[in-house]
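For reference, the structure discussed in these notes is given below.
In this note's numbering, the protein residues as written are 2 to 490.
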């Protein structure tokens, strides 16, 4: 495939950080080669700009000067576990030849899809319905570094969604700081007896940016939510939702709400929200499945970092769901016991979500001093260790090799490619319940997608002849005797 040159003038495209390298790789797979320099006066060269950031004006000037087309690039609506400011590279981009999706002053490829696209054709309708359900079930959003242990609170509150100061989607969504003040005042006036939760943006939670609201803006019936709580959990318990141009307003629509919208975001004006402003370019009304099909299935470009290839929405969900689950399970860290020296480097790779909060201790009282969850190799667990952790009310989890382990034995210091972590017992101990046993007992509730994935995996294991250690030689022809055969493992 011949790559079309796209010249860039900012570090977001040209830098050497993981995020910049991944952006270039996704664009390359999509057919664009990012280059430094100036586009030719003739030909089909482009200038790549990142959304509506201030430095994008430089690229727009060069494009006008050299009579080149523009390539507008932004993070996708379904991006990564942590934010880009935390160093997480994107796993989706939106690549737009017409404009920027959050700029209400100009059209974009997304707006054209929403206005004129066939959003029910083929299997789109079924994929959209399944996709909305899957995001909710996997608890996935644009950023996914949520703490599952944080309580949301009782149902019945009004949810007001804040954004970071200076965010381009505010200015180009026909809003400003006064819009946020108006939104909060309206929520108070229309819900005089209700509890109001004001949700901060994830980058405000991480203290990279400032929001429009602080604790001083809260009265007795209001709460500023700065904790990393899942948007899905917040929306599930809300009775009303107020927003300006936040992507969480779009998620509110997907959750079945009709949000009150004070800006002019891409999801407003389609008959799914109560809008404070008018949307002149909207040509039709849409269902939530249709707007999801355009914004999540057709518009973004998804990247599979494990296969280094572009992929569909469903594959991106599989990948990010696994990453988010691992991060959420491990983010509080572990104090490990009984981990041999050669295993520690591999364990750090497995438990990246724990970061510096993963420690290797020699004895149980050192682990208790750290007041973290314990992680012990299952065969080394004793009654004494269990009692110490129980007395301190610190969870103790057991670790073992997975059932599809490696191409070689642990005795030969071959590292595992899978592990099992069990908070109840361990799968080979029949004397107490294990997490696997509980999952098997609940297997009647598995979805069709879960069963289909299991069937594909089972078929592939058989086809590839894979086992736990994979140390056997190729099968040789044997002159078996006739009649029944019995295998004794």
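Even glycine gets a Cβ: it sits at the ideal position worked out from N, Cα and C. These figures come from a predicted structure and were not determined experimentally.
### Task
State whether the stretch 190-200 contacts the stretch 213-225, with contact taken as three or more CB pairs (one from each stretch) at a distance under 8 Å.
Taking one beta carbon from each stretch, the stretch 190-200 and the stretch 213-225 have 3 or more pairs nearer than 8 Å; the two touch.
### Message
Would residue 254 and residue 273 be called neighbours here (beta carbons separated by less than 7 Å)?
### Response
Yes; because the gap between Cβ atoms is below 7 Å, this pair is in contact.
### Query
Which residue from 183, 326, 194 puts its Cα closest to that of residue 158?
Comparing Cα positions, the closest option is 194.
### Query
With distances taken between CB atoms, is the gap from residue 169 to residue 52 smaller than 7 Å?
Pairing residue 169 with residue 52 gives a Cβ-Cβ distance under 7 Å.
### Query
Shorter than 7 Å from the beta carbon of residue 347 to some beta carbon of chain C?
Absent from the structure: chain C. Only one protein chain is present.
### Message
Applying the 10 Å Cβ sphere with the 16-neighbour rule, what's the burial state of residue 66?
### Response
The residue in question, residue 66, is exposed, as its Cβ has fewer than 16 Cβ neighbours within 10 Å.
#### Entry: residue 401 versus residue 356: straight-line alpha-carbon distance, rounded
Just so you know, the alpha carbons of residue 401 and residue 356 end up roughly 20 Å apart.
### Message
Give me the DSSP bridge partner(s) of residue 302.
### Response
Residue 302 pairs with 94.
### Query
Name the DSSP beta bridge partners of residue 171, please?
Beta-bridge pairing links residue 171 to no other residue.
### Alpha-carbon spacing of residue 91 relative to residue 271, whole angstroms
Each residue's alpha carbon lies about 28 Å from the other.
### Query
Where does residue 366 land, buried or exposed, given buried means 16+ other C-beta within 10 angstroms?
Counting other Cβ atoms within 10 Å of its Cβ, residue 366 stays below 16 and is therefore classed as exposed.
### Query
Quick one: any contact between the stretch 239-246 and the stretch 140-148, if contact means 3 or more CB pairs under 8 Å?
The answer is no - the stretch 140-148 does not touch the stretch 239-246, with fewer than three Cβ pairs under 8 Å.
### Query
Taking the alpha-carbon positions, what's the residue 127 to residue 451 distance?
In a straight line, the C-alpha of residue 127 is about 16 Å away from that of residue 451.
### Task
Pull up the CB-CB distance for residue 321 and residue 79, whole angstroms please, since I reckon it's below 8 Å.
Confirmed, about 7 Å.
### Range covered by the beta strand (DSSP E) that runs through residue 223
Start and end: 223-226.
### Task
My understanding is that residue 82 touches residue 325, with C-beta atoms under 8 Å, so please give their C-beta distance in whole angstroms.
Yes, they are in contact, since the Cβ atoms of residue 82 and residue 325 sit about 5 Å apart, within 8 Å.
### Task
Following the continuous alpha helix (DSSP H) through residue 293, name the residue where it begins and the one where it ends.
For residue 293, the enclosing alpha helix (DSSP H) covers residues 289-293.
### Query
Quick one: any contact between the stretch 120-135 and the stretch 301-320, if contact means 3 or more CB pairs under 8 Å?
They touch, by the three-pair rule.
### Query
If you drop the 5 nearest sequence neighbours on each side, which residues of the same chain put their C-beta closer than 6 Å to that of residue 70?
In chain order, 47 place their CB closer than 6 Å to the CB of residue 70, counting only its own chain and leaving out the 5 sequence neighbours on each side.
### Message
Let me check understanding here. Comparing Cα to Cα, which of 31, 265, 465, 348 lies closest to residue 173?
### Response
From the listed residues 31, 265, 465, 348, the smallest Cα separation to residue 173 is found for 265.
### Query
What span of residues does the beta strand (DSSP E) with residue 360 cover, start to end?
Where residue 360 is concerned, the enclosing beta strand (DSSP E) stretches over 359-362.
### Task
Identify, in the order they occur along the chain, each residue of the same chain with its Cβ nearer than 6 Å to the Cβ of residue 23, setting aside the five sequence neighbours on each side.
Apart from the 5 residues on each side of it in sequence, residue 23 sits with its Cβ closer than 6 Å to the Cβ of 90 in its chain, given in chain order.
### Pairwise C-alpha distance: residue 409 and residue 361
A straight line joining the alpha-carbon of residue 361 with that of residue 409 spans about 25 Å.
### Query
Helix or strand or just coil, what does DSSP make of residue 6?
Residue state, collapsed to three classes: strand.
### Message
Spatial neighbours of residue 192 within its chain, please: C-beta separation below 6 Å, excluding the five flanking residues on both sides.
### Response
The beta carbon of residue 192 sits closer than 6 Å to the beta carbons of 159 from its chain, once the five residues preceding and following it are set aside; these are given in chain order.
### Query
If you draw a straight line from the C-alpha of residue 490 to the C-alpha of residue 377, how long is it?
So the alpha carbons of these two residues sit roughly 29 Å apart.
### Query
Where do the N-terminal and C-terminal ends of the alpha helix (DSSP H) with residue 66 fall, by residue?
Element bounds for residue 66: 57-67.
### Message
Here's the rule: buried if 16 or more other CB atoms are within 10 angstroms of the residue's CB, otherwise exposed. What is residue 93?
### Response
Under this definition residue 93 is a buried residue.
### Task
Out of 344, 413, 384, 407, point me to the one whose CA is closest to residue 426's CA.
When the alpha-carbon of residue 426 is set against those of 344, 413, 384, 407, the nearest one is in 384.
### Beta-carbon proximity of residue 247 to residue 162, cut-off 7 Å
Yes, the pair counts as a contact, with Cβ atoms nearer than the cut-off.
### Query
Taking contact to mean at least 3 C-beta pairs separated by less than 8 Å, is the stretch 289-309 in contact with the stretch 103-116?
By the Cβ test, the stretch 289-309 is in contact with the stretch 103-116, since at least three Cβ pairs between them sit closer than 8 Å.
### Nearest to residue 87 (by Cα), restricted to the options 440, 210, 342, 118
Ranking the options by Cα distance to residue 87, first place goes to 210.
### Query
When the Cα atoms are used, what is the spatial distance from residue 499 to residue 396?
The first residue shown for the chain is 2 and the last is 490, placing residue 499 beyond what the model contains.
### Query
Are the Cβ atoms of residue 352 and residue 359 separated by less than 7 Å?
The Cβ atoms of residue 352 and residue 359 sit closer than 7 Å to each other.
### Query
Mind checking residue 419: buried by the 16 CB within 10 Å criterion, or exposed?
So residue 419 counts as exposed.
### Query
What residues match up with residue 423 in a beta bridge as DSSP calls it?
The bridge partners DSSP lists for residue 423 are 399.
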